[in-house]
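Numbering (the UniProt record's numbering), first residue to last: 1 to 157.
Dropping the structure here:
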């Protein structure tokens, strides 16, 4: 297995399972209702905001891997649409999982030599460092989602 395939495996692990931490987005979010996703706990981000935020970066980097320019900006990474129904929430989850798989598939196609090239601009580091960063970022926010989910569910009891 080459490095690109290993990175893709990690992307799939954090999205769908089979990773070392035994936690993934699909399982953590599968029993979260749209109301729970919107529930605010103190000054923490909502599950909705974190879910959108994770996918904002995955989707943006996926576009670069497909040959488009990098057009995402940090300041917009929490600017999600309102989720006001189960259908809205389900659509966001399906988009996140679909783009997670597409992201992994695009990474698999990268020649390992590409991983050491500058990502869009030298100031952003290499493809490798950016892909590792996306994986770490996703795990970080997955942990937040898991904790907020516990708080939301405890609040309902």
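A virtual CB, placed ideally from N, CA and C, is assigned to each residue, including glycine.
Under 8 Å Cβ to Cβ from residue 111, same chain only, skipping five residues before and after it: list those, please.
As a first step, residue 111 must be located in the chain shown, where it is residue number 111. If we look at residue 111 and ignore the five residues flanking it on each side, its Cβ neighbours are 4.
Got a sec? Which residues, its chain only, sit under 6 Å from residue 56 by beta carbon, not counting five neighbours each side?
As a first step, residue 56 must be located in the chain shown, where it is residue number 56. Closer than 6 Å at Cβ, skipping near neighbours: 77.
Counting only runs that start and end within the UniProt domain "DinB-like" (30 to 145), where is the alpha helix (DSSP H) found for 4 or more residues in a row?
34 to 38, 47 to 65, 86 to 108, all fully within the UniProt domain "DinB-like" (30 to 145).
Looking only at its chain, what residues have a beta carbon closer than 7 Å to the beta carbon of residue 64, apart from the 5 residues adjacent to it on each side?
For the purposes of this step, residue 64 is taken as the residue at position 64 of the chain shown. The answer, listed in chain order, is 70, 120.
Pop quiz: residue 148 and residue 83 are said to be a contact at Cβ under 8 Å. What is the actual Cβ separation, rounded to whole angstroms?
To locate residue 148, count along the chain shown from 1; it is residue 148. To locate residue 83, count along the chain shown from 1; it is residue 83. Their Cβ separation, rounded to whole angstroms, is 15 Å, which puts residue 148 and residue 83 out of contact at 8 Å.
Confirm, please, whether the CB-CB distance from residue 93 to residue 44 is below 8 Å.
Residue mapping note: residue 44 aligns to position 44 of the chain shown, counting from 1. Residue mapping note: residue 93 aligns to position 93 of the chain shown, counting from 1. Not closer than 8 Å, so no.
Should residue 102 and residue 131 be called a contact, given that it needs their Cβ atoms to be closer than 8 Å?
Stepping through the chain shown from its first residue, residue 102 is reached at position 102. Stepping through the chain shown from its first residue, residue 131 is reached at position 131. Taking 8 Å as the Cβ cut-off, residue 102 and residue 131 do not qualify as a contacting pair.
Look up residue 27 in the DSSP assignment and say whether it is helix, strand or coil.
Residue 27 sits at position 27 when you count from the first residue of the chain shown. Reduced to three states, the DSSP call for residue 27 is helix.
So, under 8 Å CB-CB, residue 118 and residue 126 are touching, yes? Tell me the CB distance rounded to an integer number of Å.
Sequence index remark: in the chain shown, residue 118 carries index 118 (1-based). Sequence index remark: in the chain shown, residue 126 carries index 126 (1-based). With a Cβ gap of about 6 Å, residue 118 and residue 126 count as contacting.
Thinking just about the alpha-carbon of each residue, which of 108, 54, 79 is nearest to the one in residue 136?
Numbered from 1 along the chain shown, position 136 holds the residue referred to as residue 136. Measuring from the Cα of residue 136, the nearest candidate turns out to be 54.
In three-state DSSP terms, what is residue 13?
Position 13 of the chain shown, counted from the first residue, corresponds to residue 13. It is helical.
Kindly list the residues whose CB is nearer than 7 Å to the CB of residue 134, restricted to its own chain and excluding five residues on each side of it in sequence; keep chain order.
Locating residue 134 in the chain shown gives position 134, counting from the first residue. Cβ within range, chain order: 57, 58, 61.
When the Cα atoms are used, what is the spatial distance from residue 88 to residue 146?
Locating residue 88 in the chain shown gives position 88, counting from the first residue. Locating residue 146 in the chain shown gives position 146, counting from the first residue. Cα to Cα, the separation comes out at about 21 Å.
Between which residues of its own chain and residue 26 is the CB-CB distance below 7 Å, once the five residues before and five after are set aside?
Locating residue 26 in the chain shown gives position 26, where the first residue counts as 1. These residues qualify, in order along the chain: 15, 16, 17, 97.
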